[in-house]
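Under full-length UniProt numbering, the first residue of the sequence shown carries the number 1, and numbering increases by one thereafter. A short write-up of the structure that comes next.
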Amino acid sequence: MSNLTNETVLSKDGTVINPDLNLIEVIETVISSLDEFHNAFVNQTDEGRLWKFTYGSVEAWVQITGVAEGDTFSVWSPILQLPVQHQDRLLEKLMRMNWLETLEARFALFQSQIVVVSSRSISDLDVGEISRLITLVASLADEHDEILQQEFSSVQPS
(Lines of atoms letter the chains of each structure in order from A; the text may use other names.)
(Lines give C-alpha, C1' and ligand atoms only; values in the text may rest on other atoms or scores of the structure.)
Protein backbone atom coordinates (compact mmCIF):
# COMPACT_ATOMS: atom_id res chain seq x y z
CA MET A 1 0.00 0.00 0.00
CA SER A 2 1.15 3.49 -0.65
CA ASN A 3 1.59 5.92 2.19
CA LEU A 4 -1.34 8.26 1.64
CA THR A 5 -2.04 11.57 3.33
CA ASN A 6 -4.53 11.83 6.16
CA GLU A 7 -7.97 13.04 5.25
CA THR A 8 -10.97 13.66 7.44
CA VAL A 9 -14.59 13.47 6.40
CA LEU A 10 -16.33 16.82 5.94
CA SER A 11 -20.04 17.59 5.94
CA LYS A 12 -21.64 19.66 3.18
CA ASP A 13 -21.06 22.83 5.20
CA GLY A 14 -17.37 21.98 5.63
CA THR A 15 -17.43 20.91 9.27
CA VAL A 16 -15.56 17.79 10.32
CA ILE A 17 -17.94 14.83 10.72
CA ASN A 18 -15.58 12.53 12.58
CA PRO A 19 -12.10 13.94 13.15
CA ASP A 20 -10.80 10.61 14.42
CA LEU A 21 -11.87 8.61 11.37
CA ASN A 22 -9.30 8.50 8.61
CA LEU A 23 -11.01 6.57 5.82
CA ILE A 24 -7.84 5.96 3.86
CA GLU A 25 -5.92 4.49 6.80
CA VAL A 26 -8.86 2.35 7.93
CA ILE A 27 -9.46 0.94 4.45
CA GLU A 28 -5.77 0.19 3.95
CA THR A 29 -5.51 -1.48 7.36
CA VAL A 30 -8.50 -3.74 6.63
CA ILE A 31 -7.22 -4.61 3.15
CA SER A 32 -3.76 -5.32 4.54
CA SER A 33 -5.25 -7.78 7.04
CA LEU A 34 -7.26 -9.60 4.34
CA ASP A 35 -4.83 -9.54 1.40
CA GLU A 36 -3.40 -13.05 1.54
CA PHE A 37 -0.86 -12.54 -1.23
CA HIS A 38 0.24 -9.00 -0.25
CA ASN A 39 -0.32 -7.77 -3.79
CA ALA A 40 -2.87 -5.02 -3.13
CA PHE A 41 -2.65 -1.82 -5.09
CA VAL A 42 -4.27 1.59 -4.90
CA ASN A 43 -5.03 4.12 -7.60
CA GLN A 44 -5.98 7.74 -7.00
CA THR A 45 -7.93 9.67 -9.63
CA ASP A 46 -10.24 12.67 -9.78
CA GLU A 47 -13.08 10.23 -9.04
CA GLY A 48 -11.55 9.12 -5.73
CA ARG A 49 -9.44 6.16 -4.67
CA LEU A 50 -9.64 2.57 -5.84
CA TRP A 51 -8.00 -0.44 -4.17
CA LYS A 52 -7.74 -4.00 -5.47
CA PHE A 53 -6.66 -7.03 -3.45
CA THR A 54 -6.88 -10.82 -3.53
CA TYR A 55 -8.87 -12.76 -0.97
CA GLY A 56 -8.93 -16.52 -1.41
CA SER A 57 -9.88 -17.21 -5.01
CA VAL A 58 -11.35 -13.75 -5.77
CA GLU A 59 -10.23 -10.22 -6.50
CA ALA A 60 -11.97 -7.59 -4.40
CA TRP A 61 -12.24 -3.89 -5.14
CA VAL A 62 -12.80 -1.01 -2.72
CA GLN A 63 -13.60 2.53 -3.86
CA ILE A 64 -14.32 5.85 -2.22
CA THR A 65 -15.43 8.67 -4.48
CA GLY A 66 -14.08 11.29 -2.08
CA VAL A 67 -14.15 12.28 1.56
CA ALA A 68 -17.12 14.68 1.67
CA GLU A 69 -20.44 13.72 3.25
CA GLY A 70 -22.13 12.97 -0.11
CA ASP A 71 -19.37 10.68 -1.36
CA THR A 72 -19.70 6.91 -1.63
CA PHE A 73 -17.91 3.88 -0.19
CA SER A 74 -18.24 0.75 -2.36
CA VAL A 75 -16.85 -2.78 -2.19
CA TRP A 76 -17.34 -5.38 -4.92
CA SER A 77 -15.93 -8.64 -6.16
CA PRO A 78 -16.64 -10.30 -9.54
CA ILE A 79 -17.51 -13.99 -9.20
CA LEU A 80 -19.00 -15.18 -12.49
CA GLN A 81 -18.62 -14.15 -16.12
CA LEU A 82 -21.81 -14.11 -18.21
CA PRO A 83 -23.35 -15.60 -20.28
CA VAL A 84 -23.83 -18.93 -18.52
CA GLN A 85 -25.98 -21.98 -19.06
CA HIS A 86 -29.35 -21.80 -17.31
CA GLN A 87 -29.00 -18.09 -16.68
CA ASP A 88 -32.64 -17.80 -15.58
CA ARG A 89 -32.02 -20.41 -12.87
CA LEU A 90 -28.87 -18.56 -11.79
CA LEU A 91 -30.68 -15.25 -11.43
CA GLU A 92 -33.48 -16.86 -9.41
CA LYS A 93 -30.92 -18.50 -7.13
CA LEU A 94 -29.08 -15.21 -6.61
CA MET A 95 -32.32 -13.39 -5.78
CA ARG A 96 -33.12 -16.00 -3.12
CA MET A 97 -29.58 -15.78 -1.74
CA ASN A 98 -29.88 -11.97 -1.60
CA TRP A 99 -32.84 -12.38 0.73
CA LEU A 100 -31.46 -15.17 2.89
CA GLU A 101 -27.67 -14.96 3.01
CA THR A 102 -25.99 -11.71 2.07
CA LEU A 103 -26.75 -9.32 4.96
CA GLU A 104 -25.60 -5.81 3.91
CA ALA A 105 -24.08 -7.08 0.66
CA ARG A 106 -25.90 -8.40 -2.41
CA PHE A 107 -25.38 -10.21 -5.67
CA ALA A 108 -25.69 -7.89 -8.65
CA LEU A 109 -25.16 -7.72 -12.39
CA PHE A 110 -22.34 -5.40 -13.47
CA GLN A 111 -21.52 -5.23 -17.17
CA SER A 112 -21.29 -8.92 -18.10
CA GLN A 113 -20.41 -10.22 -14.64
CA ILE A 114 -22.13 -11.34 -11.47
CA VAL A 115 -20.57 -9.49 -8.54
CA VAL A 116 -20.99 -9.35 -4.79
CA VAL A 117 -21.36 -5.69 -3.83
CA SER A 118 -22.03 -3.32 -0.96
CA SER A 119 -22.24 0.43 -1.34
CA ARG A 120 -23.28 3.32 0.88
CA SER A 121 -22.70 6.99 1.61
CA ILE A 122 -19.63 7.74 3.71
CA SER A 123 -21.81 9.86 5.96
CA ASP A 124 -21.75 8.32 9.47
CA LEU A 125 -19.50 5.50 8.26
CA ASP A 126 -17.48 4.07 11.13
CA VAL A 127 -14.42 1.85 11.44
CA GLY A 128 -16.42 -1.27 12.30
CA GLU A 129 -18.69 -0.85 9.30
CA ILE A 130 -15.78 -0.34 6.91
CA SER A 131 -14.14 -3.52 8.19
CA ARG A 132 -17.40 -5.48 8.16
CA LEU A 133 -18.39 -4.51 4.60
CA ILE A 134 -14.97 -5.21 3.08
CA THR A 135 -14.76 -8.54 4.92
CA LEU A 136 -18.37 -9.48 4.11
CA VAL A 137 -18.06 -8.86 0.36
CA ALA A 138 -14.70 -10.64 0.07
CA SER A 139 -15.90 -13.61 2.15
CA LEU A 140 -19.21 -14.03 0.30
CA ALA A 141 -17.46 -13.82 -3.06
CA ASP A 142 -14.81 -16.35 -2.04
CA GLU A 143 -17.44 -18.67 -0.59
CA HIS A 144 -19.67 -18.67 -3.68
CA ASP A 145 -17.49 -18.07 -6.76
CA GLU A 146 -16.26 -21.60 -7.43
CA ILE A 147 -19.60 -23.22 -6.52
CA LEU A 148 -21.52 -20.97 -8.92
CA GLN A 149 -18.89 -21.38 -11.65
CA GLN A 150 -19.26 -25.16 -11.42
CA GLU A 151 -23.06 -25.11 -11.29
CA PHE A 152 -23.49 -22.53 -14.07
CA SER A 153 -20.80 -23.11 -16.67
CA SER A 154 -19.93 -20.38 -19.13
CA VAL A 155 -21.43 -20.30 -22.59
CA GLN A 156 -18.80 -19.66 -25.23
CA PRO A 157 -19.84 -17.15 -27.91
CA SER A 158 -20.37 -18.75 -31.30
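Cβ atoms here follow ideal geometry from the backbone N, Cα and C, with glycine treated the same way.
| Asked | Found |
| --- | --- |
| Name the DSSP beta bridge partners of Ala108, please? | Val115 |
| Over what stretch of residues does the beta strand (DSSP E) that includes Thr54 continue unbroken? | 48-55 |
| Does the stretch 108-118 touch the stretch 67-82, meaning 3 or more C-beta pairs lie closer than 8 Å? | yes |
| In or out: Asp88 buried (at least 16 other Cβ within 10 Å) or exposed? | exposed |
| Comparing C-alpha positions only, which one of Ser119, Lys52, Arg132, Leu103 sits nearest to Val42? | Lys52 |
| Can you find the residues in the same chain that come closer than 6 Å, C-beta to C-beta, to Leu4, ignoring five residues on each side of it along the sequence? | Any reading at Leu4 needs caution, since the residue's pLDDT is 33, under 50, leaving its predicted position unreliable; the model's value is listed next. The residues are Ile24. |
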